[in-house]
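Visitor: Residue numbers (the numbering used here), protein chains in the order written: chain G, 1 to 112; chain A, 1001 to 1145.
Dropping the structure here:
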């Protein structure tokens, strides 16, 4: 189960994820990001403070989103990753390709 | 000497549908609680199993029919062993090559990470094909309670 809430900070869209990002819930995040990029958004902060769990399906969505944002000269910053989620990123070799920040505020600053 | 070794097991069946991942999580949570498995270990097992099962659901079957995936979990002391049995086509993820991690973003493909994750989260992954079924065994030595 996962809830996604979207907030705006200037041009930056802040998506707060609450719950588990797995194979069943990842299409919802994919759809959300796709509709936002289609509407012209290319700067994203993903607030992972309440993201308890991410599987490869979630990593796939993040990767596709990052490529899309970069192709629009934008970027995605992942904020406040939990330790268990960070481990998954590291095993998958993702920690080098994503910009991470300890908090949403720091993430927003990085993008400005 | 008081023997603290515990043996316990549980078995359940999942349908080949991603919505069953919620049931998987719940079963693991319950087993973990009953057997003093740490939240970290439970999370790790959940993730490894999700990856394996999601692959089975996505790739093992060529029809659009319902199939059963059987999960057998056994705990012997701190040795955890999980068997995942399906009746789909031959599918042995234990021999999948490691995806390359040194390539830049533009060349990264979104797929292939699930089995790699599962393999790295457990101590051993082995496959057997028997009576038209795949039996994938995941083994992990758990941490302290």
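Each residue gets a CB set at the ideal place from its N, CA and C atoms; glycine is no exception.
According to the neighbour-count rule (16 or more other Cβ atoms, all chains shown, within 10 Å of its Cβ), is residue 1001/A buried or exposed?
Guide: Residue placement at residue 1001/A cannot be trusted, given a pLDDT of 47 that sits under 50; the coordinates are not used to answer.
Visitor: Enumerate in chain order the residues of its own chain whose CB-to-CB distance from residue 1020/A is below 7 Å, with the five nearest sequence positions on each side excluded.
Guide: Same-chain partners within the cutoff: 1014.
Visitor: How should residue 96/G be labelled, buried or exposed, when 16 other C-beta atoms within 10 angstroms of its C-beta is the threshold for buried?
Guide: So residue 96/G ends up on the exposed side.
Visitor: Grab the span of the beta strand (DSSP E) containing residue 1137/A for me, first residue to last.
Guide: Residues 1133-1141.
Visitor: List the residues of chain G whose Cβ lies closer than 7 Å to the Cβ of residue 1136/A, in chain order.
Guide: Correct list: empty, because the minimum Cβ distance to chain G is about 16 Å.
Visitor: From this set, 1112/A, 1129/A and 1140/A, which residue's C-alpha is nearest residue 63/G's C-alpha?
Guide: The option with the nearest alpha carbon to residue 63/G is 1112/A.
Visitor: How far does the alpha helix (DSSP H) with residue 1/G in it reach, from first residue to last?
Guide: Counting along the chain, residue 1/G falls outside any alpha helix (DSSP H), and DSSP gives it neither H nor E.
Visitor: Extract the residue ranges of the alpha helix (DSSP H) inside the region 2-32 of chain G, only unbroken runs of 4 or more that lie entirely within it.
Guide: The qualifying runs do not exist here; there are none.
Visitor: I'd like to know if the region 71-86 of chain G and the region 31-42 of chain G are in contact, where contact means that at least 3 CB-CB pairs between them fall below 8 Å.
Guide: The region 71-86 of chain G is in contact with the region 31-42 of chain G.
Visitor: Against residue 97/G, what residues of chain A qualify as contacts under a CB-to-CB distance less than 9 Å, listed in chain order?
Guide: Within chain A, the residues near residue 97/G are 1104, 1105 and 1108.
Visitor: Around the Cβ of residue 1028/A, are there at least 16 other Cβ atoms within 10 angstroms (buried) or fewer (exposed)?
Guide: So residue 1028/A ends up on the buried side.
Visitor: Closer than 7 Å between beta carbons: that is the criterion. Which residues of the region 1057-1077 of chain A meet it against chain G?
Guide: Cβ contacts with chain G: none found.
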